[in-house]
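What follows is one structure encoded as C-alpha cells, with my remarks underneath.
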Amino acid sequence: MIPYGRQSINQEDIDAVVRTLQSVWLTQGPAIPAFESAVAARCLARYAVAVSNATAALHIACLALEVKPGDLVWTSPITFVASANCARYCGADVDFVDIDPATQNMSPIALAEKLAQAKKRKRLPKVIIPVHFAGQPCDMETIGRLAHEYGCRVIEDAAHAIGATYHGRPTGSCQHSDITVFSFHPVKIITTGEGGMALTNDEKLARQLARLRSHGIAREACEMLKESEGSWYYQQIDLGFNYRMTDIQAALGSSQLQRLDCFVAKRRELADRYDKLLSDLPIDLPGRALHRRSAWHLYPIRVAAEMRHDVFEAMRKEGIIVQVHYIPVHLHPYYQEMGFRLGDFPHAEEYYRRAFSLPLYPDLTYEQQDIVVDTLRRALA
Ligand SMILES: *Cc1c(COP(=O)(O)O)cnc(C)c1O
Numbered sequence: 513m514i515p516y517g518r519q520s521i522n523q524e525d526i527d528a529v530v531r532t533l534q535s536v537w538l539t540q541g542p543a544i545p546a547f548e549s550a551v552a553a554r555c556l557a558r559y560a561v562a563v564s565n566a567t568a569a570l571h572i573a574c575l576a577l578e579v580k581p582g583d584l585v586w587t588s589p590i591t592f593v594a595s596a597n598c599a600r601y602c603g604a605d606v607d608f609v610d611i612d613p614a615t616q617n618m619s620p621i622a623l624a625e626k627l628a629q630a631k632k633r634k635r636l637p638k639v640i641i642p643v644h645f646a647g648q649p650c651d652m653e654t655i656g657r658l659a660h661e662y663g664c665r666v667i668e669d670a671a672h673a674i675g676a677t678y679h680g681r682p683t684g685s686c687q688h689s690d691i692t693v694f695s696f697h698p699v700k701i702i703t704t705g706e707g708g709m710a711l712t713n714d715e716k717l718a719r720q721l722a723r724l725r726s727h728g729i730a731r732e733a734c735e736m737l738k739e740s741e742g743s744w745y746y747q748q749i750d751l752g753f754n755y756r757m758t759d760i761q762a763a764l765g766s767s768q769l770q771r772l773d774c775f776v777a778k779r780r781e782l783a784d785r786y787d788k789l790l791s792d793l794p795i796d797l798p799g800r801a802l803h804r805r806s807a808w809h810l811y812p813i814r815v816a817a818e819m820r821h822d823v824f825e826a827m828r829k830e831g832i833i834v835q836v837h838y839i840p841v842h843l844h845p846y847y848q849e850m851g852f853r854l855g856d857f858p859h860a861e862e863y864y865r866r867a868f869s870l871p872l873y874p875d876l877t878y879e880q881q882d883i884v885v886d887t888l889r890r891a892l893a
C-alpha cells in the first residue's frame with residue numbers, strides 16, 4: 513500500500529521525544545518557545561505562537577483580527593474545510609473567491625472584481641484567507657495590495673507551505689499578510705503528530721494569539737487590566753481556549769524542522785521526476801508559477817472528467833491510496849445550507865471534476881514512484 517502522504521521519522525526525532533518525556537516538562541515548558549523561535553527565525557517572522565493544530569491557529573487568528581458575528585471572511589473554495597470553518601466559529605459569514613485554473617490558488621483577478629462589487633454593495637470582507645494550495649504560494653503581492661486598498665486583513669493558510677518561497681522570501685514571513693498559519697499534521701511538510709502555528713510581525717497580535725491559546729489569561733503585568741495582587745496573580749481578559757501544544761510535540765517539531773530543507777528538496781525532486789515520467793500521458797500536471805518555489809505538499813493531476821472516477825478507483829484497488837484535494841468547500845451540505853450552489857465557482861468545480869493527488873512524501877522511493885506511474889498508465893489505458 514502506498515499512501516498519498518506520510519510522515520518521515522528518524523532516530524533523532526525519536527530521541528528528542530524520549531528526552532522530553534524524561535524531562536520535567538511535558539507541557540508549558542522550554543520546548544515550546546524553542547520551537548517557536550526556530551520556526552520564526554527560519555521563516556523570517558518576528559513572532560510565532562504554537563498551538564494544538566492549524567484549525568485552532570486559524571480560529572484564534574480570526575479572533576485576533578476581531579472577526580465577529582455579521583462580519584464576512586473570504587477564502588478559496590479549493591481548500592480543506594478548516595479554512596472556512598474558522599470564520600464560522602467566530603459567527604462570521606463565509607464567501608469564496610474562485611481559483612486561477614493554472615495554479616488552483618485564489619485568483620487575484622477574481623478577487624479584484626469581487627472586491628470592487630463588494631465595495632459598491634457596502635459588504636466588504638474583514639479578512640481574506642488565501643490558501644497556498646499544494647504548497648505553491650499564492651500571488652501574495654497582488655492579494656496584499658488589494659487587501660490594503662479595500663481595508664481588509666489577510667491570514668495566509670500555509671498549512672501546505674512551510675518551506676516554500678515567494679520571490680525568494682520564505683512563506684511565513686508575513687510580508688503581505690497579518691498572520692500566517694502552518695499545520696504540522698503527519699501528512700504535511702513537517703509534523704508534531706497534531707500541531708499548528710501562527711506567525712506574525714505584529715507584537716500586539718502575537719500577544720493576543722498567545723492569550724487566546726491559553727484561556728485568554730494574561731500573566732504579564734503589562735497585559736493586565738488591573739494591578740497585580742501578588743506573584744500568584746493572573747487575569748482572564750478575553751474568552752480563550754486550551755489550544756496549547758505539548759512540549760513532547762514541540763520537541764518533535766524542532767527536530768523535524770532541522771530536516772525541512774531536505775524534505776522539501778526531496779519532494780521537489782520527486783515532483784520533477786513525476787513531471788518527466790508522466791509527460792506522454794493524456795493528463796494535466798500541476799501548474800507552476802513564476803518566482804515561487806512550492807513546498808510540494810501535494811502532486812495533484814487532472815484527467816478527463818469522465819475518467820476520474822474509474823481511474824481513481826482502479827488505483828485504490830491496486831493499493832495506491834490516491835486522494836482528491838479538495839471537494840469544493842461550497843458544495844458541502846453545511847455550506848449549501850447557506851445558499852451556495854453548484855455553478856457558483858466554476859473553475860473550482862471544473863478542477864474538482866478532474867483532479868486527484870498522486871503519492872508524494874520524502875520517503876517515497878523511485879521504485880514505489882515507478883509503481884504509481886505504471887498503475888496510472890494502465891488505469892488510463
Ligand atoms: C490540514 C489543513 C488545515 C488544518 O490543519 P490541522 O492541523 O489538521 O488542523 C487547514 N488548512 C488546510 C489548507 C489544510 O490542508
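So the sequence shown is residues 513 to 893, counted in the working numbering. Glycine is no exception: its CB is placed at the ideal position from the N, C-alpha and C atoms. Keep in mind it's a predicted model, so treat the numbers as computed, not measured.
Apart from the five residues on each side of it in sequence, which residues of its chain come closer than 7 Å, Cβ to Cβ, to residue i?
i, result
"residue 699", "517 and 518"
"residue 832", "514, 871, 884 and 887"
"residue 750", "723, 724 and 728"
"residue 544", "562, 757, 759 and 762"
"residue 860", "589, 590, 610, 611 and 840"
"residue 785", "881"
"residue 547", "562, 762, 765 and 766"
"residue 550", "766 and 769"
"residue 603", "580 and 581"
"residue 624", "658"
Residue j and residue i - do their beta-carbons sit closer together than 9 Å?
i, j, result
"residue 653", "residue 679", "yes"
"residue 642", "residue 617", "yes"
"residue 522", "residue 889", "no"
"residue 674", "residue 691", "no"
"residue 664", "residue 620", "no"
"residue 629", "residue 807", "no"
"residue 711", "residue 559", "yes"
"residue 719", "residue 706", "no"
"residue 709", "residue 569", "yes"
"residue 497", "residue 598", "Outside the displayed span of the chain (513 to 893) sits residue 497, for which this structure offers no information."
"residue 876", "residue 810", "no"
"residue 605", "residue 850", "yes"
"residue 863", "residue 814", "yes"
"residue 837", "residue 858", "no"
"residue 693", "residue 670", "yes"
"residue 869", "residue 823", "no"
"residue 627", "residue 661", "yes"
Provide the residue span of the alpha helix (DSSP H) that contains residue i, from first to last.
i, result
"residue 765", "759 to 769"
"residue 528", "523 to 533"
"residue 755", "Note, residue 755: premise wrong, no alpha helix (DSSP H); not H, not E."
"residue 885", "878 to 892"
"residue 723", "715 to 725"
"residue 688", "Taken as a continuous stretch (DSSP letters only), residue 688 belongs to no alpha helix (DSSP H), as it is neither H nor E."
"residue 822", "817 to 829"
"residue 834", "From DSSP, residue 834 is part of no alpha helix (DSSP H); its letter is neither H nor E."
"residue 843", "Per DSSP, residue 843 belongs to no alpha helix (DSSP H) and is neither H nor E."
"residue 772", "772 to 789"
"residue 548", "543 to 555"
"residue 599", "594 to 601"
Name the DSSP beta bridge partners of residue i, please?
i, result
"residue 643", "669"
"residue 562", "709"
"residue 730", "747"
"residue 810", "In DSSP, residue 810 forms no bridge with anything."
"residue 870", "811"
"residue 460", "Because the chain is modelled from 513 through 893, residue 460 falls outside the range shown and cannot be assessed."
"residue 682", "677"
Where do the ends of the beta strand (DSSP E) carrying residue i lie?
i, result
"residue 513", "No beta strand (DSSP E) holds residue 513; DSSP gives it neither H nor E."
"residue 692", "691 to 695"
"residue 654", "Note, residue 654: premise wrong, no beta strand (DSSP E); alpha helix (DSSP H) at 652 to 662."
"residue 584", "584 to 587"
"residue 608", "605 to 608"
Which residues in the same chain as residue i place their Cβ atom closer than 6 Å to its Cβ, once the five residues preceding and following it in sequence are excluded?
i, result
"residue 586", "607, 609, 637 and 640"
"residue 541", "759"
"residue 731", "746"
Which residues in the same chain as residue i place their Cβ atom closer than 8 Å to its Cβ, once the five residues preceding and following it in sequence are excluded?
i, result
"residue 816", "794 and 866"
"residue 528", "763, 764, 766 and 767"
"residue 525", "764, 767 and 768"
"residue 819", "892"
"residue 537", "543 and 759"
"residue 854", "843 and 861"
"residue 531", "763"
At least 3 beta-carbon pairs within less than 8 Å: the segment 783 to 803 vs the segment 683 to 703: no
Cβ contact check for the segment 754 to 767 and the segment 559 to 574: 3 or more pairs under 8 Å: yes
Touching by the beta-carbon criterion (3+ pairs, under 8 Å), the segment 838 to 857 and the segment 584 to 599: yes
Touching by the beta-carbon criterion (3+ pairs, under 8 Å), the segment 574 to 582 and the segment 793 to 807: At 8 Å Cβ cutoff, the stretches do not touch.
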